[in-house]
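> In this text, residue positions in the sequence shown follow this note's numbering: the first is 95, and each later residue adds one.
Pasting a structure below so you can have a look.
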Amino acid sequence: MENLIQLQKGSKSFGSRRLFEDASFAINEGEHVGVIGPNGAGKTTLFKVLADEETMDTGKLVRSRNLRLGYLAQHDTWKEGETVEDFVERGATLPIWELKSIGRGLGLEETHYASVIASLSGGYRMRAKLLRLIGTEPNLMLLDEPTNYLDLETLLVLEKFLQGYEGAFLVISHDREFLRRTTDHILEVEAGDVVKYNGNIDDYFEQKAMIRTQLEARAMSIEEKKKQVLDFVARFGAKATKASQAQSRLKSLDRMETIEVKPVAVTARIRIPPPARVGKLLLSIEHADLGYGEKTILSDVSLRMNGGDHLAVVGLNGAGKSTLLKALAGKLTPKKGTVEYGYETSLSFFNQFVAEDLNPNDTVLSAMQRKAHRDVLPQDILDLAGSLLFSGDDAKKPIRVLSGGERSRVALGQVLLQKASCLVLDEPTNHLDFQTVEALTQALQAFTGAIIVVSHDRSFVRRIGTKMLEIAHGKANLYPGTYDEYVWSMEKGAFFSLQKEGAPEKSRSRKENPNGNLGRIVPTAVGKDYRELRKTLDKRLRQLDHLISSCDLKMANGAKQIAQLNEVLLSGKGDSSATISEMGKIQKTIDEAESLWVSSSEEREDVVKQLSELTG
Numbered sequence: 095m096e097n098l099i100q101l102q103k104g105s106k107s108f109g110s111r112r113l114f115e116d117a118s119f120a121i122n123e124g125e126h127v128g129v130i131g132p133n134g135a136g137k138t139t140l141f142k143v144l145a146d147e148e149t150m151d152t153g154k155l156v157r158s159r160n161l162r163l164g165y166l167a168q169h170d171t172w173k174e175g176e177t178v179e180d181f182v183e184r185g186a187t188l189p190i191w192e193l194k195s196i197g198r199g200l201g202l203e204e205t206h207y208a209s210v211i212a213s214l215s216g217g218y219r220m221r222a223k224l225l226r227l228i229g230t231e232p233n234l235m236l237l238d239e240p241t242n243y244l245d246l247e248t249l250l251v252l253e254k255f256l257q258g259y260e261g262a263f264l265v266i267s268h269d270r271e272f273l274r275r276t277t278d279h280i281l282e283v284e285a286g287d288v289v290k291y292n293g294n295i296d297d298y299f300e301q302k303a304m305i306r307t308q309l310e311a312r313a314m315s316i317e318e319k320k321k322q323v324l325d326f327v328a329r330f331g332a333k334a335t336k337a338s339q340a341q342s343r344l345k346s347l348d349r350m351e352t353i354e355v356k357p358v359a360v361t362a363r364i365r366i367p368p369p370a371r372v373g374k375l376l377l378s379i380e381h382a383d384l385g386y387g388e389k390t391i392l393s394d395v396s397l398r399m400n401g402g403d404h405l406a407v408v409g410l411n412g413a414g415k416s417t418l419l420k421a422l423a424g425k426l427t428p429k430k431g432t433v434e435y436g437y438e439t440s441l442s443f444f445n446q447f448v449a450e451d452l453n454p455n456d457t458v459l460s461a462m463q464r465k466a467h468r469d470v471l472p473q474d475i476l477d478l479a480g481s482l483l484f485s486g487d488d489a490k491k492p493i494r495v496l497s498g499g500e501r502s503r504v505a506l507g508q509v510l511l512q513k514a515s516c517l518v519l520d521e522p523t524n525h526l527d528f529q530t531v532e533a534l535t536q537a538l539q540a541f542t543g544a545i546i547v548v549s550h551d552r553s554f555v556r557r558i559g560t561k562m563l564e565i566a567h568g569k570a571n572l573y574p575g576t577y578d579e580y581v582w583s584m585e586k587g588a589f590f591s592l593q594k595e596g597a598p599e600k601s602r603s604r605k606e607n608p609n610g611n612l613g614r615i616v617p618t619a620v621g622k623d624y625r626e627l628r629k630t631l632d633k634r635l636r637q638l639d640h641l642i643s644s645c646d647l648k649m650a651n652g653a654k655q656i657a658q659l660n661e662v663l664l665s666g667k668g669d670s671s672a673t674i675s676e677m678g679k680i681q682k683t684i685d686e687a688e689s690l691w692v693s694s695s696e697e698r699e700d701v702v703k704q705l706s707e708l709t710g
């Protein structure tokens, strides 16, 4: 397998700040590499070095003669007024007809190509940027945070493309599930080191913990040997009969290796000050039409939020998620209907544009203090600033020198310090690294007030949202299934939602199922409605039968693999720790398949019953 690009002893600093030193790694043909590390560690700078947009202080970059490198940067690269067609053709080596053929697989239709690219949603801009990159026929792609601001549909399109991509790529991302699904290697940039690991993100965490344990054990062993030598010298160094041995042992200290075990990175811990008061009913929106000017985005929206409700809002980009959040936060007046708040309800709102309202002359700390509730202690503000990656001198930086991502983190800190009883959060995990997202997730799970959140981070949504509101076709409806079922329906392109825009309310009624599956739909429709409902139920039944069969096969194969590995373990052959680790992974797959089998079987029974009722 050929090296496409190789970094040899590369070092890069900005002023006194070292990003990486003596970094060496190679990227081979066909490798799918996730690039991770804390914010500010130097991941984007490393990409610029590989793309020849930045020079290293020292070191060498070796490129294969066959290398064709494509770079998808975070910043926009189109010209003012440029159409999608002009943008994707610029620099392309593939003809436009072939690009459009590939574009269909990315969800780009013919009508998109005449549009000005700047007028499209973030999801379609990303598809156009990716198509332009493909058009240059690279065999190594550098993708810098491509998942930011993508809706679930576009994220799944990107995942599917990368899973089938035959070339190599490096992708910077903080989305753990995305990395789990798309990569087979991890490149970690942290504390001046760049280290490459085999396997996906789960394998990386396992390997890193194992390597650290081995290093610590080796370092302890060496320190113990050094102590023994020094004790011997102290006891016998002055004796003539032992002096030469003492000197010999003393010299052996110089030959002993020195193992540096770097301190464990401080794990972020976010503590959200508890709400001053949480009532039973915090807010309600009744029969509201929402939009801008003459345009209505969402119609007849009704929702009640009680204390302790954690609501995840899901839907495609442009469907109206942010519009709904603005209305709930009091930032948008309904065209029709009402938004009302409970007695003493306090609400705090975060979105990416809140950062624009920051005073550029404030420091990070003074900006957070300015918005903090009067009962919040100064130490709490310092602690939260540190958890949001502003520690030491960084907390004293003026807002005017911060990047867009850093300003967003300051704004998020302001929101969390207000002791509000209801948090309305639009994409709060953008610009946060793994550790900070995990800390925020745990803090929000423990939050006793209400939360309304929009996020593209699937692991985050899965753990935060106890209820889901789906925005689709100009309507907002509580989704009757789990978040995993919603993701599954998006992956299959089968939205199991019979409450279509314009359908008469009396034609069906819906009751939520306590088991968390797709619930009951009791139809009374006739004619076209009857045929559509029957067709949808038949299709879902076929999907469930296929899913159940697939789970059966996974469980059977897994049991067979476990039995084989158990024999290897009992025989004493091979690496026992590796065998046990592999058995654990297989058992996890079996457990997941079994759980999906149970939920699918329960849903199948429900669908069969509905079909029986439908046919009389």
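Using N, Cα and C, we set each Cβ at its ideal position, and we do this for glycine too.
Keep in mind the model is a prediction, meaning the values are calculated, not measured.
#1: With a Cβ-Cβ cutoff of 9 Å, do residue 295 and residue 131 count as a contact?
#2: Can residue 444 and residue 522 be called in contact, C-beta distance under 9 Å?
#3: DSSP on residue 218, reduced to helix/strand/coil?
#4: Excluding the 5 residues preceding and the 5 following residue 164 in the sequence, name in chain order all residues of the same chain whose CB lies nearer than 6 Å to its CB.
#5: Does the separation of the CB atoms of residue 516 and residue 440 fall below 9 Å?
#6: Measure from the alpha carbon of residue 701 to the alpha carbon of each residue in 630, 644, 301, then state which is nearest.
#7: Tell me which residue opens and which closes the alpha helix (DSSP H) that residue 462 is part of.
#8: The alpha helix (DSSP H) that contains residue 413, what's its start and end?
#9: Using the beta-carbon count (16 or more within 10 Å), is residue 110 buried or exposed?
#10: For residue 772, does the count of other Cβ atoms within 10 angstroms reach 16, so buried, or fall short, so exposed?
#11: Counting only the same chain and skipping the five closest in sequence on each side, list residues whose C-beta sits under 8 Å from that of residue 555.
#12: In this structure, does DSSP put residue 400 in helix, strand or coil?
#13: With distances taken between CB atoms, is the gap from residue 397 to residue 544 smaller than 9 Å?
#14: Could you give the distance in angstroms between the alpha-carbon of residue 101 and the alpha-carbon of residue 124?
#15: If you follow the alpha helix (DSSP H) that residue 529 is in, where does it begin and where does it stop?
#16: Residue 381 by DSSP, collapsed to three states: which one?
#17: Kindly indicate which three-state DSSP category residue 166 falls into: helix, strand or coil?
#18: Do the stretch 472-487 and the stretch 525-542 make contact, defined as three or more Cβ pairs closer than 8 Å?
#19: Does the pairing of the stretch 416-435 with the stretch 452-470 give three or more beta-carbon distances under 8 Å?
#20: What first and last residue would you give for the beta strand (DSSP E) that runs through residue 236?
#21: In chain order, what are the residue ranges of uninterrupted alpha helix (DSSP H) at least 4 long that sit wholly in the stretch 128-196?
#22: Do residue 570 and residue 433 come within 9 Å of each other at the CB atom, strictly closer than that value?
#23: Per DSSP, what kind of secondary structure is residue 472 in: helix, strand or coil?
#24: Taking 9 Å as the threshold (C-beta atoms), are residue 217 and residue 247 in contact?
#25: Taking buried to mean at least 16 other C-beta atoms within 10 Å of its own C-beta, is residue 647 buried or exposed?
#26: Which whole-angstrom value is the C-beta distance of residue 503 and residue 493, which I expect to be below 8 Å?
#27: Based on the DSSP output, what are the partners of residue 390 in its beta bridges?
#28: With which residues is residue 484 paired in a DSSP beta bridge?
#29: Quick check: what's the CA-CA separation for residue 559 versus residue 98?
#30: Given a threshold of 16 other Cβ atoms within 10 Å of its Cβ, counted over all protein chains shown, does residue 159 qualify as buried or as exposed?
#31: Skipping 5 residues on each side, what residues in its chain have a beta carbon closer than 6 Å to that of residue 454?
#32: To the nearest angstrom, how far is it from the Cα of residue 568 to the Cα of residue 382?
#33: Per DSSP, what are the beta-bridge partners of residue 276 in this structure?
#34: Measuring CB to CB, does residue 181 end up less than 9 Å from residue 287?
#35: Specify, as a first and last residue, the run of the alpha helix (DSSP H) that residue 502 falls within.
#36: So, helix, strand or coil for residue 621, using DSSP?
Working from what's here:
#1: If you number the sequence shown from 1, residue 295 lands on position 201. If you number the sequence shown from 1, residue 131 lands on position 37. No, they are not a contact pair.
#2: Counting from 1 along the sequence shown, the entry for residue 444 is found at position 350. Counting from 1 along the sequence shown, the entry for residue 522 is found at position 428. In this structure, residue 522 lies closer than 9 Å to residue 444 by Cβ.
#3: Translated into the one-based positions of the sequence shown, residue 218 becomes position 124. The answer is helix: DSSP assigns residue 218 an H, G or I state.
#4: Reading the sequence shown from its first residue, position 70 is the one you call residue 164. Answer for residue 164: 227, 230, 232, 235, listed in chain order.
#5: In the sequence shown, residue 516 corresponds to position 422, counting from 1. In the sequence shown, residue 440 corresponds to position 346, counting from 1. Taking 9 Å as the Cβ cut-off, residue 516 and residue 440 qualify as a contacting pair.
#6: In the sequence shown, residue 701 corresponds to position 607, counting from 1. Of 630, 644, 301, the smallest CA-CA separation from residue 701 is found for 630.
#7: Counting from one through the sequence shown, the residue named residue 462 turns up at place 368. Per DSSP, residue 462 belongs to the alpha helix (DSSP H) from 458-465.
#8: Residue numbering aside, residue 413 sits at position 319 when the sequence shown is read from its first letter. Run containing residue 413: none; DSSP gives neither H nor E here.
#9: Numbered from its first residue, the sequence shown carries residue 110 at position 16. Classified as exposed, residue 110 has fewer than 16 neighbouring CB atoms from the shown chains inside 10 Å of its CB.
#10: Residue 772 is absent from the structure shown; the chain starts at 95 and stops at 710.
#11: Within the sequence shown, the letter at position 461 stands for residue 555. Cβ neighbours of residue 555 beyond the five flanking positions: 406, 408, 547, 549, 577.
#12: Residue numbering aside, residue 400 sits at position 306 when the sequence shown is read from its first letter. Strand.
#13: The residue you call residue 397 lines up with position 303 of the sequence shown. The residue you call residue 544 lines up with position 450 of the sequence shown. No. Outside cutoff.
#14: In the sequence shown, residue 101 corresponds to position 7, counting from 1. In the sequence shown, residue 124 corresponds to position 30, counting from 1. Take the alpha-carbon of residue 101 and the one of residue 124: they are about 17 Å apart.
#15: Indexing the sequence shown from 1 puts residue 529 at position 435. Unbroken alpha helix (DSSP H) run through residue 529: 528-539.
#16: Within the sequence shown, numbered from 1, the residue matching residue 381 stands at position 287. In the structure shown, residue 381 sits in a strand (DSSP, three-state: E or B).
#17: Reading the sequence shown from its first residue, position 72 is the one you call residue 166. DSSP places residue 166 in strand when its eight states are reduced to three.
#18: The stretch 472-487 makes contact with the stretch 525-542; the number of CB pairs closer than 8 Å reaches 3 or more.
#19: Not touching, per the Cβ criterion.
#20: Locating residue 236 in the sequence shown gives position 142, where the first residue counts as 1. For residue 236, the uninterrupted beta strand (DSSP E) segment begins and ends at 234-238.
#21: Secondary structure in the stretch 128-196: the alpha helix (DSSP H) runs of 4 residues or longer, each lying completely within the stretch, are 137-144, 178-183 in chain order.
#22: Against the sequence shown, residue 433 aligns to sequence position 339. Against the sequence shown, residue 570 aligns to sequence position 476. Not in contact: residue 433 and residue 570 (Cβ atoms no closer than 9 Å).
#23: Here residue 472 refers to the residue found at position 378 when the sequence shown is read from its first residue. Three-state DSSP puts residue 472 in a helix.
#24: Position 153 of the sequence shown holds residue 247. Position 123 of the sequence shown holds residue 217. Against a cut-off of 9 Å, the Cβ pair of residue 217 and residue 247 comes out as a contact.
#25: Along the sequence shown, read from residue 1 onward, the residue named residue 647 stands at position 553. Exposed, by the Cβ-count rule.
#26: Translated into positions along the sequence shown, residue 503 becomes position 409. Translated into positions along the sequence shown, residue 493 becomes position 399. The distance from the Cβ of residue 503 to that of residue 493 is about 11 Å, inconsistent with a contact at the 8 Å cut-off.
#27: Indexing the sequence shown from 1 puts residue 390 at position 296. Bridge partners of residue 390: 385.
#28: Translated into the one-based positions of the sequence shown, residue 484 becomes position 390. DSSP, once it has assigned bridges, lists no residue as partnering residue 484.
#29: Taking the sequence shown and counting its residues from 1, one reaches residue 559 at position 465. Taking the sequence shown and counting its residues from 1, one reaches residue 98 at position 4. Taking the straight line from one Cα to the other gives about 43 Å.
#30: Counting from one through the sequence shown, the residue named residue 159 turns up at place 65. By the C-beta density criterion, residue 159 is exposed, having fewer than 16 other C-beta atoms within 10 angstroms.
#31: Taking the sequence shown and counting its residues from 1, the one referred to as residue 454 is at position 360. The beta carbon of residue 454 sits closer than 6 Å to the beta carbons of 493, 494 from its chain, once the five residues preceding and following it are set aside; these are given in chain order.
#32: Your numbering for residue 568 matches position 474 in the sequence shown. Your numbering for residue 382 matches position 288 in the sequence shown. Whole-angstrom Cα-Cα distance: 12 Å.
#33: Here residue 276 refers to the residue found at position 182 of the sequence shown. Under DSSP, residue 276 shares a beta bridge with no residue.
#34: As a working note, residue 181 is residue 87 in the sequence shown. As a working note, residue 287 is residue 193 in the sequence shown. Remark: C-beta atoms of residue 181 and residue 287 do not approach each other more closely than 9 Å.
#35: In the sequence shown, counting from the first residue as 1, residue 502 sits at position 408. Residue 502 -> alpha helix (DSSP H) spans 498-510.
#36: The residue labelled residue 621 in the question sits at position 527 within the sequence shown. Only weak support is given to the placement of residue 621: the predicted model assigns it a pLDDT of 45, under 50, and the value that follows is read from those uncertain coordinates. Helix, per DSSP.
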